[in-house]
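As structure tokens, the structure follows; a few thoughts come after it.
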Amino acid sequence: MSRIGKMPVAIPAGVEVVLSEQQVSVKGAGGLLSLTQNSLVKVTSEGGKVSFEAANDSREADAMSGTFRQLINNMVVGVSKGFEKKLTLIGVGYKAQAQGAKLNLVVGYSHPVNKDMPDGITVATPTPTEIVIKGADRQRVGQVAAEIRAIRPPEPYKGKGIRYADEKVAIKETKKK
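Heads up: the sequence shown begins at 3 in the working numbering, then just goes up one per residue.
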């Protein structure tokens with residue numbers, strides 16, 4: 003069995019996990035997240051812990067037990083603490099401004115770019131060149147961050163563009179005569 007799948011997920015105070023035939027729901031201060039049950043994984047909840055076991059001896063069931071365990075763990079962490087991604091704007095005149103559920107970007111195009119945030123995702127701009135995306139669903143936070151980065155990805159010669167805060171951009175050398 004998967005090493006990750008063997009470890010149970012501890013449920014912190016204030017988080018409630020509901021198991022049904024079709025879904026696993028996790029409810030907490032950050033909201034409600036649900037995931038469709040997988041037939042290859044047996045999920046049991048007892049004593050403040052959620053345990054996972056492969057339904058049969060197949061390789062797919064073994065792999066899915068670890069995957070399903072991590073998805074449930076991400077849901078528990080999301081509703082209790084939340085997830086965040088930080089983006090940085092590099093370039094002269096590049097700036098971002100959050101207005102409620104909208105993000106306005108000026109990133110070198112002839113027009114400003116407006117990006118609407120989906121439900122459950124909040125955006126903040128502590129400074130004009132920083133963007134902080136927060137939410138309970140790890141996948142959606144990462145997807146929104148990737149979509150914002152794709153508006154103006156960092157270019158390889160000067161490094162201008164939108165990048166993750168911890169991203170290192172390899173700068174290419176210019177052509178020599």
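We treat Cβ as the ideally placed atom computed from N, Cα and C, and that holds for glycine. It should be emphasised that the depicted structure is a prediction, and the values quoted were computed from it without experimental measurement.
Residue i versus residue j: straight-line alpha-carbon distance, rounded
i           : j           : result
residue 125 : residue 58  : 43 Å
residue 39  : residue 134 : 32 Å
residue 140 : residue 174 : 33 Å
residue 46  : residue 37  : 15 Å
residue 10  : residue 26  : 15 Å
residue 157 : residue 55  : 46 Å
residue 127 : residue 152 : 18 Å
residue 18  : residue 172 : 44 Å
residue 129 : residue 109 : 15 Å
residue 144 : residue 122 : 13 Å
residue 14  : residue 21  : 16 Å
residue 52  : residue 70  : 11 Å
residue 35  : residue 5   : 25 Å
residue 48  : residue 170 : 44 Å
Three-way DSSP call (helix, strand, coil) for residue i in this model
i           : result
residue 173 : coil
residue 178 : coil
residue 50  : coil
residue 12  : strand
residue 116 : strand
residue 124 : strand
residue 7   : helix
residue 140 : helix
residue 69  : helix
residue 81  : helix
residue 146 : helix
residue 157 : coil
Proximity test, Cβ basis, 9 Å: residue i and chain D
i           : result
residue 116 : The displayed structure is made up of one protein chain only, and chain D is not part of it.
Within 9 Å, strictly: CB atoms of residue i and residue j
i           : j           : result
residue 42  : residue 167 : no
residue 103 : residue 118 : yes
residue 16  : residue 86  : no
residue 73  : residue 132 : no
residue 154 : residue 107 : yes
residue 68  : residue 7   : yes
residue 146 : residue 120 : yes
DSSP beta-bridge partners of residue i
i           : result
residue 87  : 135
residue 25  : 38
residue 100 : 105
residue 56  : 43
residue 166 : 89
residue 19  : 28
residue 33  : 30
Cβ-heavy atom distance, residue i to the ligand ZN, below 8 Å
i           : result
residue 144 : Here there are no bound small molecules, and the ligand ZN is not part of this structure.
Exercise. Do the stretch 23-35 and the stretch 73-82 meet, that is, are 3 or more Cβ pairs less than 8 Å apart?
Worked result: Enough Cβ pairs lie closer than 8 Å, so yes.
Exercise. Can at least three beta-carbon pairs, one atom from the stretch 95-110 and one from the stretch 149-164, be found at a separation below 8 Å?
Worked result: Contact holds: three or more Cβ-Cβ distances are below 8 Å.
Exercise. With contact counted as at least three CB pairs below 8 Å, one residue from each stretch, are the stretch 59-78 and the stretch 99-115 in contact?
Worked result: No, the stretch 59-78 does not touch the stretch 99-115.
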